[in-house]
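Enquirer: So for the sequence shown, the working numbering puts the first residue at 4; every next one is plus one.
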Amino acid sequence: MRGITIEVTARKAYEEFLKHSNENLESRVAQRTAELTKANEALAQSNLELQQFAYVAAHDLQTPLRSIGGFAQLLAESYRGRLDAQADVWLDTLVRSAQRMHDLIRDLLGYSRVDSQGSPFKPTDFNQLCREVLEALDGSIRGTSGKITLDPLPIVYGDRTQLGQLLQNLIDNGLKYHGQEAPRIHISASRSEGEWVFAVRDNGIGIARKHLESVFDIFRRLHTQKKYPGTGIGLAVCRRVVHRHGGRIWVESEPGRGSTFYFTLPDRAKAESALAA
Ligand code: ADP
Numbered sequence: 004m005r006g007i008t009i010e011v012t013a014r015k016a017y018e019e020f021l022k023h024s025n026e027n028l029e030s031r032v033a034q035r036t037a038e039l040t041k042a043n044e045a046l047a048q049s050n051l052e053l054q055q056f057a058y059v060a061a062h063d064l065q066t067p068l069r070s071i072g073g074f075a076q077l078l079a080e081s082y083r084g085r086l087d088a089q090a091d092v093w094l095d096t097l098v099r100s101a102q103r104m105h106d107l108i109r110d111l112l113g114y115s116r117v118d119s120q121g122s123p124f125k126p127t128d129f130n131q132l133c134r135e136v137l138e139a140l141d142g143s144i145r146g147t148s149g150k151i152t153l154d155p156l157p158i159v160y161g162d163r164t165q166l167g168q169l170l171q172n173l174i175d176n177g178l179k180y181h182g183q184e185a186p187r188i189h190i191s192a193s194r195s196e197g198e199w200v201f202a203v204r205d206n207g208i209g210i211a212r213k214h215l216e217s218v219f220d221i222f223r224r225l226h227t228q229k230k231y232p233g234t235g236i237g238l239a240v241c242r243r244v245v246h247r248h249g250g251r252i253w254v255e256s257e258p259g260r261g262s263t264f265y266f267t268l269p270d271r272a273k274a275e276s277a278l279a280a
């Protein structure tokens, strides 16, 4: 009897200990979750403030810059050849720099707008969208003797304007970064689990392996302004657009042998939850 009593008491004590440990663990998990939620909220808030700051700064810089650019242009037109040769060079540099800053601010504003001024998602026919983008790029396509081919493309769920921008940036780069041969670009899409995988393939100069990820960073450029003009914001916009749609973007490439940019767009339910997040 005594032996049984001791065993029951020990078991009870052990159960008590387990219960206590469990409660303790649960309360620590709850506390940690609350801390993480708070940290996440603070991070989201500071992200939002940073975005707003970038937008307002870029927006407000436009007005004085317009004035600098306008007067630089006026000076160059009115005084070219009337001062000395050095002054002409300085005036041209001034006009070019104002134009460059204008391009950077325009693209930076576009980048800031992806999250803050996106439109609601709708079913979007990529065949139709591609036709519109090709029309918009008609000048560059003719100018480079480029050829663009399309496979039948799906209808996806997303922000039509932003998806057009994504396509336009990728095709535009394919036209711009071409090698000796005229640009050839092919656009296709394949079905994978719960998503579409799009591919924009070109026959251009390609990208070295070490740069395959960093090309999507804002202001990241691999060439001089003289060789290939640009602001280094196009692919950052593409990445932001794809992320807003709950997808992924990456590039596979071999220098001298062209690049293929891939991006995924999830089915409607997943895209909607990405938008709500
Ligand atoms: P930008 O074209 O204005 O420089 P992007 O963000 O569109 O900016 O591209 C970043 C860099 O990635 C480019 O400067 C270029 O070096 C490289 N790049 C982008 N697209 C291609 C491509 N299709 N082929 C080769 N290099 C590319």
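C-beta: ideal position from N, C-alpha, C; glycine also. Keep in mind that this is a model prediction, so the values were computed, not measured.
Is T267 helix, strand or coil when you go by DSSP?
Expert: In the sequence shown, residue 267 corresponds to position 264, counting from 1. T267: strand per DSSP, three-state reduction.
Enquirer: Roughly how many whole angstroms lie between the Cα atoms of N50 and Y114?
Expert: Here residue 50 corresponds to residue number 47 of the sequence shown, with the count starting at 1. Here residue 114 corresponds to residue number 111 of the sequence shown, with the count starting at 1. Each residue's Cα considered, the two are about 14 Å apart.
Enquirer: Can you list the beta strand (DSSP E) stretches of 3 or more residues lying completely in the segment 139-203, in chain order?
Expert: Runs found: 150-153, 158-161, 187-195.
Enquirer: What residue does the beta strand (DSSP E) around E255 start on, and which one ends it?
Expert: Indexing the sequence shown from 1 puts residue 255 at position 252. Element bounds for E255: 252-256.
Enquirer: Alpha carbon to alpha carbon, how far is P67 from L78? Give it in angstroms, no decimals.
Expert: On the sequence shown, position 75 is the one that residue 78 refers to. On the sequence shown, position 64 is the one that residue 67 refers to. Their Cα atoms are separated by approximately 16 Å.
Enquirer: Suppose you measure from the CA of K179 to the CA of Q165; what does that come to, to the nearest Å?
Expert: Here the question's residue 179 lines up with position 176 in the sequence shown. Here the question's residue 165 lines up with position 162 in the sequence shown. Distance between the alpha carbons of K179 and Q165: 21 Å.
Enquirer: Using 8 Å for Cβ pairs, my map puts I174 next to I188. What's the rounded Cβ distance?
Expert: Counted from its first residue, the sequence shown places residue 174 at position 171. Counted from its first residue, the sequence shown places residue 188 at position 185. The pair is a contact, with the Cβ atoms about 6 Å apart (cut-off 8 Å).
Enquirer: Along the chain, where does the alpha helix (DSSP H) that runs through K41 open and close?
Expert: Translated into the one-based positions of the sequence shown, residue 41 becomes position 38. Element bounds for K41: 5-82.
Enquirer: Can you check whether the CB of P126 is closer than 8 Å to the CB of I208?
Expert: Here residue 208 is taken as the residue at index 205 of the sequence shown, counted from 1. Here residue 126 is taken as the residue at index 123 of the sequence shown, counted from 1. Cβ atoms of I208 and P126: not closer than 8 Å.
Enquirer: Taking a contact to mean a Cβ-Cβ separation below 8 Å, would you say A192 touches F129 in this structure?
Expert: On the sequence shown, residue 192 is found 189 positions in, with the first residue counted as 1. On the sequence shown, residue 129 is found 126 positions in, with the first residue counted as 1. Contact: yes.
Enquirer: Could you tell me if the beta carbon of S115 falls within a distance shorter than 7 Å of some heavy atom in the ligand ADP?
Expert: One-based indexing of the sequence shown puts residue 115 at position 112. Checking every heavy atom of the ligand ADP against the Cβ of S115, none is found closer than 7 Å.
Enquirer: Can you tell me the Cα-Cα spacing of V244 and T227, whole angstroms?
Expert: On the sequence shown, position 241 is the one that residue 244 refers to. On the sequence shown, position 224 is the one that residue 227 refers to. Cα-Cα distance, rounded: 26 Å.
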